[in-house]
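Chains as they are written, first to last, in the numbering used here: chain A, 246 to 416; chain B, 72 to 773.
Shown next, in structure tokens, is the structure this report addresses.
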Amino acid sequence: MATNETNMNVAGKNLTFKLNGEEYGLPIAAVQEIIRWQEITRVPRVPNFILGVINLRGRVVPVLDLRRRFGLPPAPPQSRTCIIILQSVHETGQILTGIVADEVTEVVEILPEQVGAPPELGSRVDITFVGGVGQLGARVILLLRVDKILDSNEWFVVEQMTQTEKENSYA
Amino acid sequence: MVRAFLAEYREAAESVSKTLAALEAGQPLTTEGRHGLCRLAHMLRNAGLFLGFVRLAAIGRLLSDFGPDIVPDTILPATQIRLLVAGCETAGKLISGIETTGQEPALVTELQTIGDLAHELGLPWEDTANLEWPATKLTNELSDEEKITRLLQEDLAVASPKKKSAAAADMIAIFVQDAEEILDHTEQDLLRLEREPARLNELLRHFHTLKGNSGLMGFDGLQQVSHRLENILQAFRDGQATVTAEHIRFFLEAVDALRRRVAVIAKGGSAESDEDALWLERIDALRHEAAKPKEKIVPASKPEPAAAPAVSRGNLRVSVERLDYLNDLSGELVIAAAMVHHMSECRPGADVEQFNRALHRLDLITSELQDTVMAARMVPVETTFRRLTRLVRELSDKTGKPLDLQLTGMETEVDRRVAELMVDPLVHMVRNAVDHGIEPAAERRKAGKPATGSIRIEAMHRAGEVWIVVSDDGRGLQREKILAKARERGLVGGATTPADEDLLAVIFEPGVSTAETVTEVSGRGVGLDVVKRNVERLRGRVEVASTPGQGTVLTVKLPLTLAVIHGMLVRAEAEQYVLPILAIRESFQLESANRHRTPGQGEFIVVRGETIPLFRLANLFHIERNSSPSAAELVTVIEDGERRVALLLDELLGQQRVVVKSLGDALSRIPGVAGASILMDGRVRLILDVPSLIRTVHGRVT
Numbered sequence: 246m247a248t249n250e251t252n253m254n255v256a257g258k259n260l261t262f263k264l265n266g267e268e269y270g271l272p273i274a275a276v277q278e279i280i281r282w283q284e285i286t287r288v289p290r291v292p293n294f295i296l297g298v299i300n301l302r303g304r305v306v307p308v309l310d311l312r313r314r315f316g317l318p319p320a321p322p323q324s325r326t327c328i329i330i331l332q333s334v335h336e337t338g339q340i341l342t343g344i345v346a347d348e349v350t351e352v353v354e355i356l357p358e359q360v361g362a363p364p365e366l367g368s369r370v371d372i373t374f375v376g377g378v379g380q381l382g383a384r385v386i387l388l389l390r391v392d393k394i395l396d397s398n399e400w401f402v403v404e405q406m407t408q409t410e411k412e413n414s415y416a
Numbered sequence: 072m073v074r075a076f077l078a079e080y081r082e083a084a085e086s087v088s089k090t091l092a093a094l095e096a097g098q099p100l101t102t103e104g105r106h107g108l109c110r111l112a113h114m115l116r117n118a119g120l121f122l123g124f125v126r127l128a129a130i131g132r133l134l135s136d137f138g139p140d141i142v143p144d145t146i147l148p149a150t151q152i153r154l155l156v157a158g159c160e161t162a163g164k165l166i167s168g169i170e171t172t173g174q175e176p177a178l179v180t181e182l183q184t185i186g187d188l189a190h191e192l193g194l195p196w197e198d199t200a201n202l203e204w205p206a207t208k209l210t211n212e213l214s215d216e217e218k219i220t221r222l223l224q225e226d227l228a229v230a231s232p233k234k235k236s237a238a239a240a241d242m243i244a245i246f247v248q249d250a251e252e253i254l255d256h257t258e259q260d261l262l263r264l265e266r267e268p269a270r271l272n273e274l275l276r277h278f279h280t281l282k283g284n285s286g287l288m289g290f291d292g293l294q295q296v297s298h299r300l301e302n303i304l305q306a307f308r309d310g311q312a313t314v315t316a317e318h319i320r321f322f323l324e325a326v327d328a329l330r331r332r333v334a335v336i337a338k339g340g341s342a343e344s345d346e347d348a349l350w351l352e353r354i355d356a357l358r359h360e361a362a363k364p365k366e367k368i369v370p371a372s373k374p375e376p377a378a379a380p381a382v383s384r385g386n387l388r389v390s391v392e393r394l395d396y397l398n399d400l401s402g403e404l405v406i407a408a409a410m411v412h413h414m415s416e417c418r419p420g421a422d423v424e425q426f427n428r429a430l431h432r433l434d435l436i437t438s439e440l441q442d443t444v445m446a447a448r449m450v451p452v453e454t455t456f457r458r459l460t461r462l463v464r465e466l467s468d469k470t471g472k473p474l475d476l477q478l479t480g481m482e483t484e485v486d487r488r489v490a491e492l493m494v495d496p497l498v499h500m501v502r503n504a505v506d507h508g509i510e511p512a513a514e515r516r517k518a519g520k521p522a523t524g525s526i527r528i529e530a531m532h533r534a535g536e537v538w539i540v541v542s543d544d545g546r547g548l549q550r551e552k553i554l555a556k557a558r559e560r561g562l563v564g565g566a567t568t569p570a571d572e573d574l575l576a577v578i579f580e581p582g583v584s585t586a587e588t589v590t591e592v593s594g595r596g597v598g599l600d601v602v603k604r605n606v607e608r609l610r611g612r613v614e615v616a617s618t619p620g621q622g623t624v625l626t627v628k629l630p631l632t633l634a635v636i637h638g639m640l641v642r643a644e645a646e647q648y649v650l651p652i653l654a655i656r657e658s659f660q661l662e663s664a665n666r667h668r669t670p671g672q673g674e675f676i677v678v679r680g681e682t683i684p685l686f687r688l689a690n691l692f693h694i695e696r697n698s699s700p701s702a703a704e705l706v707t708v709i710e711d712g713e714r715r716v717a718l719l720l721d722e723l724l725g726q727q728r729v730v731v732k733s734l735g736d737a738l739s740r741i742p743g744v745a746g747a748s749i750l751m752d753g754r755v756r757l758i759l760d761v762p763s764l765i766r767t768v769h770g771r772v773t
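In structure tokens:
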């Protein structure tokens with residue numbers, strides 16, 4: 246159940262985007278910019294949802310595929326596919342991370358009273374990324390927890406598993 | 072306070088006037104001469120800032136803008152010499168004016184001359200002729216202190232609130248930097264005082280400067296403490312008392328207390344502390360004590376004018392942000408140059424030769440700029456090493472083991488980041504050596520060794536790397552204990568016996584400590600893993616060797632620079648990577664007949680009698696295979712100094728200098744990848760981490 250505190254955290258101005266037909270929202274404060282899809286340099290030996298890195302005006306920025314991260318079917322980039330650059334402040338300075346969206350829709354103000362608790366789907370469905378569900382009339386927006394998505398300590402927990410099965414062939 | 076400045080100025084001006092005379096006689100500028108000039112410039116600028124003398128400040132600023140550009144040991148062009156002479160002479164006139172009237176004289180003509188010369192040299196110069204600082208109108212009836220307070224208040228009142236805090240922050244930053252440096256030198260001189268009594272003069276100067284600076288900032292507590300400490304030193308120098316080990320310890324403690332205070336000030340905290348009264352009391356007590364004769368360790372030395380002044384390296388302080396910016400900028404320039412190259416390949420124009428000449432020039436400038444920036448990032452390891460002197464002394468006191476520390480290669484330059492990140496590892500390595508390595512004196516005598524344990528720290532450049540070697544002549548690592556610990560922690564399987572070097576490497580794992588007793592010094596199982604972690608962050612590695620009864624040698628091997636590397640762009644299937652040139656031993660076409668297979672899928676080649684394991688980069692990195700195997704394939708042998716691995720690649724695309732960029736914290740520890748670089752097409756390419764690749768690969772073979 247979402248507490249009032251959670252509602253407050255995910256409420257406010259959100260950038261909304263589409264992923265596999267669902268609409269998601271990100272707090273606008275976490276978004277630095279939106280860039281067009283571009284070729285991504287693959288990084289070896291990382292979990293598959295880390296697509297690789299791009300050059301953002303001289304900075305090397307990792308890009309995540311939220312479809313894979315959320316266990317959704319992967320899709321090739323389309324004309325409206327774009328990369329949302331998120332910013333977070335870390336002890337070592339500002340960190341930029343890109344996430345791929347099927348399409349960016351708009352910026353909406355979501356009031357705390359419009360935010361419902363994330364659905365309880367039992368322990369088998371991982372919905373830790375969702376901080377709340379915004380309801381604007383008939384429209385349903387899954388409000389994402391940026392801290393969860395950007396928590397790089399979590400990234401490599403998955404890797405341990407995928408890596409071992411891949412380690413087979415040599416030359 | 073003005074008087075304190077004037078005294079300091081006279082001293083500096085005297086040495087500078089000698090330098091100028093030499094320059095005018097056509098001699099090259101020495102490093103010391105340049106240092107003197109920079110010091111004077113700094114002093115004038117600060118005096119201007121603190122005391123409100125605009126013209127002095129302007130001259131100081133001009134000279135300090137100019138100073139860093141002078142290359143030592145060269146003969147300066149006439150205009151530069153004229154500017155230096157005019158600047159110093161005018162400053163002298165301004166100061167005599169201040170001495171007699173308390174105000175800066177206008178000196179319109181002189182300042183005009185300086186302005187013209189500055190203009191000719193393209194240096195920024197503010198026209199000060201019409202400037203009238205409100206402060207200079209103050210009457211002489213006020214005391215110096217009152218004047219400064221008034222000055223500062225007026226200055227701050229004029230400035231906008233934002234500017235005001237910025238100016239104050241600036242002054243504090245300058246003070247803190249100076250104070251930290253002075254305290255560092257003070258510590259070193261204290262530690263050397265037992266052997267070199269002449270250091271007393273240096274010490275007096277340090278406390279004197281600190282007193283003056285604190286006074287200028289209005290930090291009364293600090294000023295008083297340094298003043299009293301100076302008085303005691305004065306007593307020692309005048310032969311009224313003798314310096315004992317106890318005194319040195321007291322002074323070291325005082326230095327620590329002062330450092331803490333400076334740290335508080337740096338963070339914007341209050342400069343006053345209750346500690347002051349306590350310290351003043353302690354100092355006075357010591358003073359009375361010192362008057363009585365005591366166990367004599369150091370004979371009070373007579374003032375010794377011949378004592379060599381502390382050798383200064385003429386270091387410049389460059390703000391880290393500015394450096395990083397320059398660094399990025401030069402990186403972009405490299406890319407720009409590469410783009411022009413790319414253009415010339417696409418469009419063969421009419422005047423190719425001219426175009427190529429222009430290109431050549433661009434190349435020259437680019438690499439020159441890059442080298443300069445890189446050089447600015449380099450600092451001697453001396454500062455990093457110096458801190459260890461104090462540590463060893465304290466460890467010796469705590470453990471009761473007599474120790475001797477030898478530092479060599481202090482002038483070896485390393486990247487600024489290396490110097491910063493190596494402090495902790497060095498501390499841990501030294502602690503480890505003292506606690507686990509060096510035996511108590513009695514045990515050493517029994518083993519026929521000198522009672523004093525020896526620790527050597529050495530820095531050197533080797534094979535495109537910086538090596539830092541920490542060795543001790545202690546009992547050596549106890550392999551049985553390490554093995555037991557490794558088994559206990561599951562790092563080594565119960566039945567297997569690891570190779571010696573792998574076993575010794577276990578000491579760098581977290582939670583492994585071989586100390587039998589947990590002591591205050593080390594042994595809580597934390598420590599050496601910090602070494603490994605920090606060294607890996609610097610893309611380096613650490614090696615360990617140990618002979619029972621004779622000691623342990625830890626060798627840290629780091630890349631020379633973190634900023635730019637020479638790389639070979641290579642292709643594996645559809646992906647491209649940068650392979651550092653220094654790690655490439657050779658490349659050749661490999662006939663399939665020369666590939667050998669071991670039972671269980673392994674492959675190797677034989678080069679000049681040496682067997683080298685063979686891997687395909689595409690497989691190591693899980694790159695999708697598109698090409699079919701051909702009869703002859705391209706093989707590149709890479710090495711990390713001792714071990715070699717042959718990599719099957721699809722193509723070598725050419726050499727280039729690349730700027731190393733970080734992949735960010737999240738992706739910084741991927742085995743085989745050292746960082747990223749942006750190439751001429753604007754795309755990111757990953758830089759291969761050869762030592763880590765070799766480690767991964769060897770880990771699989773054995």
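Think of the CB as a built atom: it goes at the ideal place given N, C-alpha and C, for glycine as much as any other residue.
Quick caveat, the model's predicted, so the values are computed rather than measured.
Within the stretch 612-692 of chain B, the complete beta strand (DSSP E) segments of 3 residues or longer fall at 612-618, 622-630, 635-643, 646-651, 655-662, 674-678, 681-687, listed in chain order.
Within chain B, L734, G735, A737, L738 have C-beta atoms less than 9 Å from the C-beta of P307 of chain A, given in sequence order. In the DSSP assignment, E453 of chain B falls within the unbroken alpha helix (DSSP H) covering 453-470. By DSSP's assignment, V360 of chain A forms a beta bridge with A:G379.
By the neighbour-count criterion, in which 16 or more other beta carbons inside 10 Å mark a residue as buried, G638 of chain B falls on the buried side. At a cut-off of 8 Å, the C-beta of G564 of chain B has no neighbouring C-beta in chain A. Residues of the same chain with a CB within less than 7 Å of the CB of T767 of chain B, apart from the 5 flanking positions on each side, are P742, G743 in chain order. Burial of K520 of chain B is indicated by the presence of at least 16 other C-beta atoms within 10 angstroms of its C-beta. Within the same chain, and ignoring the five residues on either side of D355 of chain B in sequence, the residues whose Cβ sits closer than 8 Å to its Cβ are R299. With fewer than 16 neighbouring CB atoms inside 10 Å of its own CB, S698 of chain B falls in the exposed class. Separation of the CB atoms of E657 of chain B and V708 of chain B is rounded to 5 Å, and the pair is thereby assigned contact status at 8 Å.
Annotated three-state conformation of T90 of chain B is helix, per DSSP.
Rounded to the nearest whole angstrom, the C-alpha separation of L91 of chain B and G107 of chain B is 11 Å. Note on E559 of chain B: under 16 other CB atoms within 10 angstroms of its CB, so exposed under the neighbour-count rule. The residue among B:H359, B:L281, B:R270 with its C-alpha nearest the C-alpha of I253 of chain B is B:L281. Between the stretch 522-538 of chain B and the stretch 481-493 of chain B, the count of Cβ pairs shorter than 8 Å is three or higher; the stretches touch.
Residue pairing for N259 of chain A: DSSP places it in a beta bridge opposite A:P272, A:V353.
In this structure G620 of chain B is exposed. Its beta-carbon is surrounded by fewer than 16 other beta-carbon atoms within 10 angstroms. Rounded to the nearest angstrom, the gap between the Cα atoms of D544 of chain B and A513 of chain B is 15 Å. The C-beta of I636 of chain B has 16 or more other C-beta atoms within 10 Å across all chains shown, which makes the residue buried.
Looking at the DSSP output, M531 of chain B bridges to B:W538. Against W400 of chain A, the close residues of chain B are A737, in the order they occur along the chain (beta-carbon pairs closer than 8 Å). Going by C-alpha positions, G104 of chain B is about 11 Å away from L111 of chain B. Under the 8 Å Cβ criterion, the stretch 488-503 of chain B counts as touching the stretch 624-631 of chain B, having at least three qualifying pairs. The C-beta separation of N265 of chain A from R754 of chain B comes to about 28 Å, leaving the pair out of contact by the 8 Å criterion. Rounded to the nearest whole angstrom, the C-alpha separation of S135 of chain B and E403 of chain B is 28 Å. When DSSP states are grouped into helix, strand and coil, M242 of chain B belongs to the helix group. Between the stretch 186-197 of chain B and the stretch 145-153 of chain B there are three or more C-beta pairs closer than 8 Å, enough to call the two in contact.
Contact note: F692 of chain B reaches chain A through P289, R290, using a C-beta cutoff of 8 Å and chain order. Measuring C-alpha to C-alpha distances from G725 of chain B to each of B:T682, B:A570, B:L575, B:A409 identifies B:A409 as the nearest. One finds V288, P289, R290, V291 in chain A with Cβ atoms closer than 8 Å to the Cβ of I741 of chain B, taken in chain order. Look at S748 of chain B here: in three-state DSSP terms it is strand.
Within its own chain, the residues whose Cβ lies closer than 8 Å to the Cβ of L462 of chain B, once the five positions on either side in sequence are excluded, are V498, V501, R502, listed in chain order. The beta-bridge partner set that DSSP reports for S733 of chain B is empty. When only Cα atoms are considered, Q660 of chain B and P321 of chain A end up about 38 Å apart.
Among the residues of chain B, none has a CB under 9 Å from the CB of N259 of chain A; the nearest is roughly 24 Å distant.
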